[in-house]
Each structure stands twice: as C-alpha cells, then as structure tokens.
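K.L.:
I am attaching a structure below and will ask some questions about it afterwards.
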Amino acid sequence: MTAHTLTRSAGSGRTTWALRRGRASLRVERRSVLVCGVLVLVVAALGVLTLATGSIQLTPAQVLSALFDPDAEPRTRLVVVTWRLPRLLFAVVCGAALAVSGALFQSLTKNPLGSPDVIGFASGSYAGASVVMLMLGTANYLAVGTGSLIGGAATALLVYLLAYRGGVRPFRLIIVGIAVGAFLSSITSMLLLAVSPHQAMLVATWGAGSLSGLGFEQLRVTALVFAALLICSVGVVRPLVHLEMGDDTALALGVNAQRARLTATVVGVALTALVTAAVGPIAFIALAAPQIAQRLTRSSTTLRIAPAALTGAAVLVAADFIAQRVDLPVGVVTVCVGGAYLAWLLARQYRGGSR
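For our numbering, count along the sequence shown from 1 and bump the result up by 1433.
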C-alpha cells in the first residue's frame, strides 16, 4: 500500500484504519483486527495442544520441533506432520467454512437462528450424500460432494418455494426450513433401515461427523474449493449489508436484491456441502460462530467474514481437542455444546419478543 491513514468513524467512536492505493481503498476497524489477531493465537495454541494429544502423547515443545525443525526426530515428525496435522487443518478449514455459511444465512434471514443447521440446508446436504453412499455404493469424495451439493441446493430451492408468499419473511423461512429438515432427516433414517447393517453402520458413523482418517490428498481439494467460495462470499458482503437495511434502500444503492440473495444462498449451500462431503455433518458451528464473532467485534452485523471464519475455526479445533480427549466423534461434541447454546438463544429470542 502506498498510503496509510488512521481515522475515526463519524459518530460511532470506532477507530478504523484506511488503506489506500490509487483509487482502491480498504477500511478495517481496529477492534476487528485485534479480535482476529487474538483468534489466530487461540487457534495456534489449541492446534499445538491438539497435535500433542493422542495415543502417543507429546509435549508442546516436541510438536513445535516437529513442525519447524527439519532435523527433529523422524518418529515425532511422522506422528505430528503426517498423521495429525491434516486433521487439524481440516478442523480449521471446515470450522471457517461453516462459520462463513452461517454468517451469510443469518444475514439473509436477519435472524440469529438462520443457519444451515436450523433451516434444513445441512439436512439436505446430508441426505444427498447419504443417497450417493447407499444407492451408488461409493464413498468417493467427488461423488459424495456432488450428492451433498445437489441435496443442499434442492433443499434450499424447496424451502424458498414453500416459504414464498409475495416475498420471503425470515421467520417463515426458518419455520419452513425446520419442517423440511425434519422431513429429510426422517427420509435418511428410512434409507438406513432399508439397507444392510454394514451399509447403515458406515453411513451412520460418517453421519456422526468425524475428522479421523483424513490426509493431505483430501485436504488439498477441500482447501482449494474453500478458497474459491471464500472469495465469492467476500464479493456478496456489501450487497447483503445493504439488504439488511431493506430492499428499497438496497435498490436505491444499486443492489439487485434477487441476484444477491441467490448468490449468497448458492455460496452458503456450497460451503455447507463442502464440509458435509469431507467430514460429515458438523452441527451448530454455523449457528454459534457468527454470533460469537459479532459479540467479540461489537458489530451490528454478522457479516464480518474474517472474524466469523476464525471464530468457527477456533470453535471446531477446540471441539476436536475435546473429542480426542473423550474418544468421541467431533460432531457429537458440537451437538452437545451447540444444543445448550441453541436453547439459550431461543430463550433469549423469546424474552426479547423476537418473532
């Protein structure tokens, strides 16, 4: 950057940094930068603890040596870099992807309950992936990913069609989504009962959500797709922020409301499908992470992509650390913690009179 100025936003008391080069400019709030910095440190610290956890216990010093010292003990490098590091990186990528997806849908619905977990899109991705594994008899990543994406997209279309009555109201969208999600969960259960116990156990184990057994080969594909979707999500932030102020205001600012909603929905569903295809359904990260990030940054919107993504990464890495300590799939841990969070959020919404 050729120029750097420090300004204070008018009337809000928020210190912002404005970076300008030619006609391009970037404004970031100081608090958001500080929160992102702290979250990076939290993810790094949790990552070291996670890499030290397992059947072969290591110290943080051994983990750091294996990561950064080429002359470290080969056995330790094998355990840390080859066996455990892909799982940690998957937790970071998947947590960030789910958080960004949740931020997009919560902005679209203007409701903290508007996450893909609650409005049925995650159930659609799970159902689509289950159909591929059960009917086609394959667990190929590309095939499962395609089924997951088709299932999520079809569910999103169905929910929008059923909720549309001269427009889509956020509360109606959430209620319809909950109903469609419950229906799809029932269909998936029926499919599991109709196949052999071996097939059912395979899908049920995958459906618990696990980061085990993943390597760098799968990580490369997941990371590349996530990077592309992250760029797309950044591109729809400004239109969605304008839409939060109302369609008329957004239209006056030159925003095509229907195109922005469609793009955000496609990107959000694709992010959810990406995670579902890689590790199975991981519940409640998309619901909780954007809300936590919003409170940390004291922002008026959940559409702070970087803080939300880092919060999601931190939450999923922490959940995976706990899962390894208690020997459970990470999806079970997120359900236990997220269920309590959802109950608190519903109680808070009810006390606040939000409908």
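We put the beta carbon where it would ideally sit given N, CA and C, even for glycine.
Using a Cβ-Cβ cut-off of 7 Å (strictly less than) and excluding sequence neighbours within five positions of proline 1762, which residues of its own chain qualify?
P.N.:
Ala1641, Gly1642, Ser1643, Ala1756, listed in sequence order.
K.L.:
In or out: alanine 1443 buried (at least 16 other Cβ within 10 Å) or exposed?
P.N.:
With a pLDDT of 46 at alanine 1443, under the threshold of 50, the predicted position of this residue should be treated as unreliable, though the coordinate-derived value follows. Exposed, since its Cβ has fewer than 16 Cβ neighbours within 10 Å.
K.L.:
Is arginine 1658 helix, strand or coil when you go by DSSP?
P.N.:
Sequence inspection shows valine at residue 1658; the arginine mentioned does not correspond to that position. Correct three-state label for valine 1658: helix.
K.L.:
Please classify histidine 1437 as buried or exposed, where buried requires at least 16 neighbouring CB atoms within 10 angstroms.
P.N.:
In this prediction, histidine 1437 scores a pLDDT of 49, lower than 50, which makes its location untrustworthy; the coordinate-derived value is nonetheless stated afterwards. By the 10 Å Cβ count, histidine 1437 comes out exposed.
K.L.:
Return helix, strand or coil for glutamate 1462, following the three-state DSSP convention.
P.N.:
Strand at glutamate 1462.
K.L.:
Taking DSSP as the reference, what is the three-state secondary structure of threonine 1486?
P.N.:
Correct three-state label for threonine 1486: coil.
K.L.:
Is the distance from the Cβ of phenylalanine 1659 to the Cβ of leucine 1707 below 9 Å?
P.N.:
Contact: yes.
K.L.:
What separation, rounded to the nearest whole angstrom, lies between the Cα atoms of arginine 1788 and leucine 1482?
P.N.:
Note on arginine 1788: pLDDT 44, under 50, position unreliable in the model; the coordinate value appears next. Their backbone Cα atoms lie some 42 Å apart in a straight line.
K.L.:
Please name the residue in Ala1612, Leu1569, Val1702, Phe1538 whose C-alpha comes closest to that of valine 1670.
P.N.:
Here the closest residue by C-alpha is Phe1538.
K.L.:
Measure the C-alpha to C-alpha separation of threonine 1621 and serine 1558 and round it to an integer number of angstroms.
P.N.:
Going from the Cα of threonine 1621 to the Cα of serine 1558 covers about 11 Å.
K.L.:
Need the endpoints of the alpha helix (DSSP H) that tyrosine 1597 sits in, please.
P.N.:
Careful: tyrosine 1597 lies outside any alpha helix (DSSP H) and carries neither H nor E.
K.L.:
Leucine 1595 to serine 1556, Cα distance in whole Å?
P.N.:
Distance between the alpha carbons of leucine 1595 and serine 1556: 17 Å.
K.L.:
Counting only runs that start and end within the region 1539 to 1626, where is the alpha helix (DSSP H) found for 4 or more residues in a row?
P.N.:
For the region 1539 to 1626, whole alpha helix (DSSP H) runs of length 4 or above, ordered along the chain, are 1554 to 1568, 1574 to 1596.
K.L.:
Just tell me which of Val1592, Ala1661, Ser1619, Arg1598 has its CA closest to the CA of isoleucine 1608.
P.N.:
The shortest C-alpha separation from isoleucine 1608 is found at Val1592.
K.L.:
What's the gap between the Cα of proline 1507 and the Cα of threonine 1486?
P.N.:
Near 18 Å, if we compare the C-alpha coordinates of threonine 1486 and proline 1507.
K.L.:
Rounded to the nearest angstrom, what separates alanine 1589 and proline 1549 at their Cα positions?
P.N.:
The alpha-carbon atoms of alanine 1589 and proline 1549 are separated by roughly 9 Å.
K.L.:
Would you call glycine 1646 buried or exposed, if buried means 16 or more other Cβ atoms sit within 10 Å of its Cβ?
P.N.:
Classification for glycine 1646: exposed.
K.L.:
Which value, in whole angstroms, describes the spacing of the CA atoms of valine 1565 and leucine 1778?
P.N.:
Cα to Cα, valine 1565 sits roughly 35 Å from leucine 1778.
K.L.:
So, at 8 Å on beta carbons, what are the nonlocal neighbours of threonine 1730 in its own chain, with the 5 sequence-adjacent residues on each side left out?
P.N.:
For threonine 1730, where only same-chain residues beyond five positions count, the Cβ hits under 8 Å are Glu1462, Arg1464, Ser1465, Val1468, Arg1737, Pro1740.
K.L.:
Answer yes or no: do leucine 1749 and isoleucine 1725 have a C-beta to C-beta separation smaller than 9 Å?
P.N.:
The answer is no: Cβ separation not under 9 Å.
K.L.:
DSSP three-state label for serine 1442, please.
P.N.:
Reliability fails at serine 1442, whose pLDDT of 49 lies under 50, so the model's placement of it is uncertain and the value that follows must be treated cautiously. Of the three classes helix, strand and coil, the one that applies to serine 1442 here is coil, per DSSP.
K.L.:
Can you tell me the Cα-Cα spacing of alanine 1685 and glycine 1547, whole angstroms?
P.N.:
Spanning the two alpha carbons is a distance of roughly 26 Å.
K.L.:
Checking 9 Å against the spacing of the C-beta atoms, do proline 1672 and alanine 1693 come in under that value?
P.N.:
Yes, the pair counts as a contact, with Cβ atoms nearer than the cut-off.
K.L.:
Whole angstroms is fine: what's the gap from methionine 1434's alpha carbon to valine 1700's?
P.N.:
Residue placement at methionine 1434 is poorly supported in this model, since its pLDDT is 43, which falls under 50; the coordinates still yield a value, given next. Rounded to the nearest angstrom, the two C-alpha atoms are 30 Å apart.
K.L.:
Can you tell me where the alpha helix (DSSP H) holding glycine 1642 begins and where it ends?
P.N.:
No alpha helix (DSSP H) holds glycine 1642; DSSP gives it neither H nor E.
K.L.:
Would you say alanine 1780 and valine 1766 are within 9 Å of each other, going by their C-beta atoms?
P.N.:
The answer is no: Cβ separation not under 9 Å.
K.L.:
Which same chain residues end up closer than 8 Å to phenylalanine 1754 when comparing Cβ atoms and leaving out the 5 residues on each side of it in sequence?
P.N.:
Result list for phenylalanine 1754: Leu1479, Leu1482, Thr1483, Thr1486, in chain order.
K.L.:
Would you check if the distance between the CB atom of serine 1563 and the CB atom of leucine 1625 is smaller than 9 Å?
P.N.:
Cβ distance < 9 Å, so serine 1563 and leucine 1625 count as in contact.
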